[in-house]
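Structure record follows, encoded as structure tokens.
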Amino acid sequence: MQTSSRLVKWLISGPPLLFLLIFFVTPSLIMIFTSFRLPGEFGGLAPVKLLPGEVAGDSGLTIETYQFFFSDFIYIEIFLKSFAVATITTLICIAMAYPLALLIARSRKKFRNLMIMLVVLPFASNFLVRIYAWMIILGPESGLSHFINGILVFFGIAPVTLLFSPFAVLIGMVYVHLPFMILPLYTNLEKHDPILLDAAQDLGANSWQRFWYVTWPQSLPGIFSGSALVFIPALGMFAIPDILGGTGDIMIGNLIKDQFLGTRDWPFGSTLSIMLTLAVLGIAGLFSWFAKPAIRMT
Amino acid sequence: MIKIPHRQTVLWIASILVYAFLYIPLIIIVVFSFNDSKLNAEWVGFTLHWYKALLNNHEMLLAARNSLIIAISASFLATTLGTMAGLAIHRYKLKVLPILAFTPVAMPEILLGVSLLLFFLQVLNLTLGMLSIIIAHTTFCIGFVAIIVRARLQGMDESIFEAARDLGATPWQTFHQITLPLIRPAIIAGALMSFTLSIDDFVITFFTKGVGEPILPIQIYTMIKVAVTPEVNAISTLLMLLTLTLIIIATRFDTSMLRGESK
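Chains as they are written, first to last, in our numbering: chain A, 56 to 353; chain B, -8 to 254.
What follows is the structure, encoded as structure tokens:
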């Protein structure tokens, strides 16, 4: 009995474990290893031919790429900028998601699933398609561009280009990540006990006070888990700045992409990826640390 | 439930604006896919020209075929492995497997993409192509399937399994006759979810693709970056139709997906 149940345990956990060890853990370790190597002489072709031991008296391992990262302020600056973009995206998502999540949570039960479905549906369409839609809307020939520039010109202000700007990047970021804020927030708000609001009203709290002292504190865990779901992918995003942004709007993701597919400096690309991983781990830790006392409050 | 008409109105207006924000971009694409103009600027007239152009675009048809093969293979692999992982994580107190299965879901896609790129080229010496993409997609889909299957198992009454065991069922009989039928909706939902994720995925595909075969998201990316024609609108509309159908079928099977239980 004991051996057969142990056998069952290994039969069902073994295959996925093995697959993930090979195709998730090993690649991650390879990436860490690569970050301590040197790029090849001829960058483009064989960047990591310098195996340890091949160079006489040298292990071939170095922390050069890390020193390089911290020596040039431009890389730290791009990291900080990416943090700023991810933070603003998260804040806009909270502001936009909250009223909708609240409305859905307070709607009648039979409408809730439909309203949630309506949030999920657009997010089911292709990722690139959703970004491309904003290329049309913000493009120089679009109605929105003509409208905004018409107003600007009327007031004697020089016309602006909406596309390929930080503004376009933010819109794309919010658009792609918004459902990840709405869903956890709704899941949280739906569990609130309306009795608490009744009690607050009986005690003379106005609608603003009821929101600020009853609903808002209870919803903090939802906001934190939504923020983690928005902030983390937003921080590593490269497609949106690549498509909607200008040359000055690049983020960490674009930098990493260039090291692997452009300049082919794999060690530095790996170093940047590890920096991003550390940032993500730090943020995830921070969010769960913040979310905990909030959970205890409820 | 207290009725506060004033605040309810504000909530409604804000919510309608958010829904509009979500839908207007997609509606614009669909509308312009039928527009008889090369520019995505104003409505000129109705045409099916862009859909016909798509049908004659060999590269695009090949890309669609390749992406379908990748999505079917990856979702089959991910569903098999993910269901096992979901079952194992639910039944045993495992420490390593949950971390390995759920981390790829939570981390920025680009990290998985580049680490797999390094791994395929350096360690496996694999020529990048369909196989590398299938493996990459499977890696991040396993977690999604495991989450859905586990959520289903968590909502079930454990005593059913105990009853089966008490009545002398072998582990295999319990699995085959009790567990499997009960989690079937979750497995189907997980499979459809993986299929959708795979056919939509751009970032990981971008890093693990080879130079040979055209792949759908990469073709779309090139079209967007190089020359935007309304053909993009047409392919986008068709893709929307496909994924929307799949998502609706998937949620029919398992509504727990909707409740943000992925976190």
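Where is the CB? At the ideal position from N, CA and C, for every residue including glycine.
**Study point:** Close-in-space but distant-in-sequence residues of the same chain around B/Ile215 (CB under 8 Å, 5 per side omitted)
**Key:** Val223
Point to revise | Amino acids of chain B, ordered along the chain, whose beta-carbon sits closer than 8 Å to that of A/Trp189 | key: Going along chain B in sequence order, the residues near A/Trp189 (Cβ under 8 Å) are Pro16.
Point to revise | Beta bridge counterpart(s) of B/Phe37 as assigned by DSSP | key: B/Asn26
Check your understanding: By the criterion of Cβ-Cβ separation under 8 Å, what are the contact partners of A/Leu157 in chain B?
Key -> Leu2
Review point. Closer than 9 Å, Cβ to any Cβ of chain B: which residues of the region 165 to 177 of chain A, in chain order?
Key: So the list reads Asn168, Met170, Ile171, Met172, Leu173, Val174, Val175, Leu176 and Pro177, given in the order they occur along the chain.
Practice item. Use the C-beta contact count for B/Gly251: other C-beta atoms within 10 angstroms, 16 or more gives buried, fewer gives exposed. Key: Summary for B/Gly251: the model assigns pLDDT 42, below 50, so the residue's position carries little reliability, and this model does not support an answer.
Check your understanding: With a CB to CB cut of under 7 Å and the five nearest residues on each side skipped, what residues in its chain are close to A/Leu240?
Key -> If we look at A/Leu240 and ignore the five residues flanking it on each side, its Cβ neighbours are Ala152, Tyr153, Ala156, Ser274, Gly277, Ile278 and Gly281.
Check your understanding: Closest Cβ-Cβ distance between B/Pro89 and chain A: below 8 Å?
Key -> no
Practice item. Grab me the residues of B/Ser227's own chain with a C-beta within less than 6 Å of its C-beta, minus the 5 sequence neighbours each way, in chain order. Key: Ile20
Practice item. Would you list, in sequence order, the uninterrupted alpha helix (DSSP H) runs of no fewer than 4 residues that lie entirely inside the region 143 to 184 of chain A? Key: 164 to 178
Review point. Taking 8 Å as the CB-CB limit, is A/Trp388 close to chain B?
Key: Chain A is shown from 56 up to 353; residue 388 of chain A falls before or after that span and cannot be answered.
Point to revise | Segment contact flag, the region 69 to 89 of chain A with the region 319 to 336 of chain A, C-beta cutoff 8 Å, min 3 pairs | key: yes
Point to revise | Cutoff 8 Å: B/Trp62 Cβ touching any chain A Cβ | key: Here residue 62 of chain B is Ala; the residue named in the question, Trp, does not match the sequence. Cβ-Cβ to chain A under 8 Å: no for B/Ala62.
**Study point:** Outcome for A/Val103 when other beta-carbon atoms lying within 10 angstroms are tallied against a minimum of 16
**Key:** Unreliable positioning characterises A/Val103 in this predicted model, as indicated by a pLDDT of 42, which lies under 50. The coordinate reading is nonetheless provided below. The residue in question, A/Val103, is buried, as its Cβ has 16 or more Cβ neighbours within 10 Å.
Practice item. Check each candidate in B/Tyr10, B/Gln(-1) and B/Arg156 and name the one with the smallest Cα separation from A/Ile237. Key: B/Tyr10
Exercise for review: Report the neighbours of B/Ala92 on chain A: residues whose CB is nearer than 7 Å to its CB, in chain order.
Suggested key: Pro71 and Leu75
Check your understanding: Does the separation of the CB atoms of A/Ala289 and A/Met228 fall below 8 Å?
Key -> With contacts defined by Cβ atoms closer than 8 Å, A/Ala289 and A/Met228 form a contacting pair.
**Study point:** Pairwise C-alpha distance: B/Leu13 and A/Ile149
**Key:** 15 Å
**Study point:** CA nearest to the CA of A/Thr270, picked from A/Leu76, A/Leu158, A/Met190 and A/Ser68
**Key:** Closest option to A/Thr270, Cα to Cα, is A/Leu158.
Exercise for review: Return helix, strand or coil for B/Tyr10, following the three-state DSSP convention.
Suggested key: helix
Check your understanding: For A/Ile147, which residues of its own chain have a beta-carbon under 6 Å away from its beta-carbon, when the five flanking residues on both sides are left out?
Key -> Answer for A/Ile147: Val229, listed in chain order.
Review point. So, A/Val335 versus A/Ile287, is the Cβ gap smaller than 8 Å?
Key: In contact: A/Val335 and A/Ile287 (Cβ atoms closer than 8 Å).
Point to revise | Ranges of the alpha helix (DSSP H) found wholly within the region 184 to 239 of chain B, counting only runs of at least 4 | key: Listed in chain order, the complete alpha helix (DSSP H) runs (minimum 4 residues) inside the region 184 to 239 of chain B are 194 to 199 and 207 to 217.
Review point. If B/Ile124 and B/Ile61 are in contact, beta carbons under 8 Å, what's the gap, nearest whole angstrom?
Key: 5 Å
Point to revise | Under 8 Å by beta carbon: chain A residues contacting B/Tyr83 | key: Lys64 and Ser68
Review point. Along chain A, in chain order, which residues have C-beta atoms closer than 8 Å to that of B/Thr187?
Key: Ala179
**Study point:** Element boundaries [alpha helix (DSSP H), containing A/Glu245]
**Key:** Start and end: Pro221 to Glu245.
Point to revise | Residues in the region 124 to 158 of chain A having any Cβ partner in chain B nearer than 7 Å | key: The residues in question are Met151, Pro154, Leu155, Leu157 and Leu158.
Check your understanding: The alpha helix (DSSP H) spanning A/Gln273 covers which residue range?
Key -> Trp271 to Leu290
Point to revise | Proximal residues to A/Gly99 (C-beta, below 8 Å), its chain only, five neighbours per side dropped | key: Residue confidence for A/Gly99 is low, a pLDDT of 36 falling below 50, so the modelled location carries little weight; the figure read from the coordinates is stated next. Excluding residues within five positions, the ones whose Cβ falls inside 8 Å are Arg319.
Exercise for review: For B/Ile151, count neighbouring Cβ atoms within 10 angstroms of its own Cβ and tell me buried if that reaches 16, exposed if not.
Suggested key: exposed
Point to revise | For A/Ile118, the three-state DSSP class (helix, strand or coil) | key: In the structure shown, the three-state DSSP call for A/Ile118 is coil.
Exercise for review: Would you verify that the beta carbon of B/Gln113 is, or is not, closer than 8 Å to some beta carbon of chain A?
Suggested key: Yes, its Cβ sits closer than 8 Å to a Cβ of chain A.
Practice item. Starting from A/Leu84, follow the alpha helix (DSSP H) in both directions and report where the run begins and ends. Key: Unbroken alpha helix (DSSP H) run through A/Leu84: Thr81 to Ser90.
Review point. Does the Cβ of B/Glu100 have 16 or more other Cβ atoms within 10 Å, making it buried, or fewer, making it exposed?
Key: buried
**Study point:** Buried or exposed by the 16-neighbour rule on C-beta atoms within 10 Å, applied to B/Phe197
**Key:** buried
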